[in-house]
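Single-structure report; data block below.
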Amino acid sequence: MPTLRTQILLILEECAGVLLSPYMLMRFSTHYSQSSFYTTSYRMEKDGLIERFEKEGKRHLKLTSRGKSIIDRHRAGADKQRPDWDHKWRLVIFDVPEDKAELRKYLRSYLVALGFAKAQRSVWISPYDFRKEIRNYLRKLKLSDYVYQLLVDNFEGLTGEEIATSFWDLDRIHNKYIKFHQDWSERFIRLEEKMKEDAEPDPTILKQYIKHLDWDYQSILSRDPCLPLELLPPDWGGKAAGKLVAEYHNKLLII
């Protein structure tokens with residue numbers, strides 16, 4: 063389940079301005095107290111994520127551009143369209159001087175964001191072709207002279223599956239997907255029971271459920287290198303998680 067801070071951001075994204083009241087949140091979640099709501103909203107205001115304004119003598123909340131950018135960055139990190147794998151491996155090897163250590167950190171973070179794994183010190187690997195993107199990034203950092211990109215057909219003594227399990231922490235990601243699937247399956251069972259009791263379910267609440275579902279899924283997806291399916295175990299948790307997301311998008315968004 064998204065944090066209280068995230069839930070407030072998502073509600074304010076949906077509504078241009080809402081009353082400064084914990085009851086607006088309780089329509090979507092019963093996991094937090096009034097004091098938690100006020101403490102969190104106060105901190106968010108101090109951090110510049112939300113702001114208060116007066117309307118008809120009452121205090122309301124709205125999202126700031128900074129708060130919106132947090133939502134946008136989270137979603138962008140999970141936008142991972144991958145091409146078909148050509149059964150080749152891409153290596154990035156670098157030897158960046160110590161006086162450029164800060165730039166070296168930026169490079170590592172960029173490779174992680176692309177889904178690369180660390181094979182050895184200063185050696186990173188991916189099944190996907192990001193050579194153009196990396197060249198452009200290196201030019202921006204002025205590190206082109208210290209970095210080499212290699213295209214490799216195979217690793218002697220290692221199958222593709224062995225490379226994947228050796229360099230990427232697939233078990234951790236798999237377990238996150240499994241927990242996501244279990245938690246949200248239980249939530250949807252409770253939601254469906256409640257929907258049977260309500261003649262006309264509130265579409266705003268259903269939309270928030272979808273937003274919370276997507277947020278949790280995107281939190282895992284942003285850390286998933288999205289390796290080719292043939293490199294993943296047959297019971298890969300990401301498949302069931304993705305199927306659950308698609309299923310409830312179809313169920314709830316048509317109501």
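Numbering (this note's numbering), first residue to last: 63 to 317. Note that CB positions come from ideal geometry on N, CA and C, so glycine has one too.
Can you tell me the Cα-Cα spacing of Ile155 and Arg285, whole angstroms?
-> Here residue 155 refers to the residue found at position 93 when the sequence shown is read from its first residue. Here residue 285 refers to the residue found at position 223 when the sequence shown is read from its first residue. Computed Cα separation, rounded: 22 Å.
Which residue's Cα is closest to the Cα of Leu71: Arg234, Ala308, Trp277?
-> Position 9 of the sequence shown holds residue 71. Out of Arg234, Ala308, Trp277, Trp277 has the C-alpha closest to the C-alpha of Leu71.
Measure the beta-carbon distance from Gln211 to Arg170 and round it to whole angstroms, keeping in mind my assumption that it falls under 8 Å.
-> Here the question's residue 211 lines up with position 149 in the sequence shown. Here the question's residue 170 lines up with position 108 in the sequence shown. About 15 Å; that fails the 8 Å criterion.
Would you decide whether Arg201 is buried or exposed? Buried here means 16 or more other CB atoms lie within 10 Å of its CB.
-> Residue numbering aside, residue 201 sits at position 139 when the sequence shown is read from its first letter. Classified as exposed, Arg201 has fewer than 16 neighbouring CB atoms from the shown chains inside 10 Å of its CB.
Proximal residues to Val209 (C-beta, below 8 Å), its chain only, five neighbours per side dropped = Sequence index remark: in the sequence shown, residue 209 carries index 147 (1-based). These residues qualify, in order along the chain: Val154, Ile155, Phe156, Val158, Leu169, Ile196, Leu200.
Whole alpha helix (DSSP H) elements within the stretch 217–281, 4-residue minimum = 222–229, 232–259
Reducing DSSP to helix, strand and coil, say where Ser188 ends up.
-> Sequence index remark: in the sequence shown, residue 188 carries index 126 (1-based). It is a strand residue.
Around the C-beta of Val214, are 16 or more other C-beta atoms found within 10 angstroms, so that it is buried, or is it exposed?
-> On the sequence shown, position 152 is the one that residue 214 refers to. With fewer than 16 Cβ atoms within 10 Å of its Cβ, Val214 is classed as exposed.
So with Cβ pairs under 8 Å, would you call Gln96 a contact of chain B?
-> The structure shown contains no chain B, having only a single protein chain.
Going by Cα to Cα distance, which pick from Phe99, Glu76, Leu74 is closest to Leu66?
-> Translated into the one-based positions of the sequence shown, residue 66 becomes position 4. Considering only alpha carbons, the answer is Phe99.
Would you tell me roughly how many angstroms separate the C-alpha atoms of Tyr172 and Ala163, rounded to the nearest one?
-> Walking along the sequence shown from the start, residue 172 turns up at place 110. Walking along the sequence shown from the start, residue 163 turns up at place 101. Straight-line Cα distance between these residues: approximately 14 Å.
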